[in-house]
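Shown next, in structure tokens, is the structure this report addresses.
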Amino acid sequence: MTGQEVLASVLLLGGALLAVLAALGLLRLPDVGARLQAATLLQLPGLVALVAGAAVLVPTADSWKLVLVVAFQAVTAPVLSHLIGRAAHRAGVGEPLVRDELGARGDRSGEEA
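Numbering-wise, the sequence shown is residues 259 to 371 according to my numbering.
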């Protein structure tokens with residue numbers, strides 16, 4: 259094995275491990291907030307490692323498309339997890355909070371605060 263293949267293997271295995279840990283977090287953690295945290299925090303580094311491993315293993319002129327995939331995920335994953343968390347809070351799903359900062363404001367989506 260060449261150094262390039264070893265590096266690609268390490269990156270691909272590391273990315274796969276992070277993806278498996280994110281999936282385990284989704285299955286094992288107790289509430290919505292913890293599940294969102296596990297999924298969001300491990301998903302992007304796992305994807306970056308997988309994409310980097312693919313780019314190292316198969317370097318072509320089209321590798322810039324992989325950067326677009328990572329950029330799209332970096333922008334959309336936090337926004338989506340925020341929206342899911344907000345919807346779960348409004349629906350009353352999850353553990354009771356110690357201090358509910360959103361509860362006092364009511365459901366005024368679309369209005370100025």
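All C-beta atoms, glycine included, are put in the ideal place defined by N, C-alpha and C. The structure presented is a predicted model; accordingly, all values stated were derived computationally and were not measured.
Legend entry - Three-state secondary structure (DSSP) of ALA371: Reliability of the predicted coordinates at ALA371 is poor, the pLDDT of 46 falling under 50, and the value obtained from them is presented with this limitation in mind. In the structure shown, the three-state DSSP call for ALA371 is coil.
Legend entry - Distance CB(LEU294)-CB(VAL327) smaller than 9 Å: The Cβ-Cβ distance between LEU294 and VAL327 does not fall below 9 Å.
Legend entry - Cutoff 7 Å; reference ALA335; Cβ partners in own chain excluding five residues on either side: If we look at ALA335 and ignore the five residues flanking it on each side, its Cβ neighbours are THR298, GLN301, LEU302.
Inset, instruction - Return helix, strand or coil for LEU287, following the three-state DSSP convention. - result: LEU287 falls in the coil class under three-state DSSP.
Inset, instruction - Count the other CB atoms, across all protein chains shown, that sit within 10 Å of the CB of LEU275; report buried if there are 16 or more and exposed otherwise. - result: That one is exposed.
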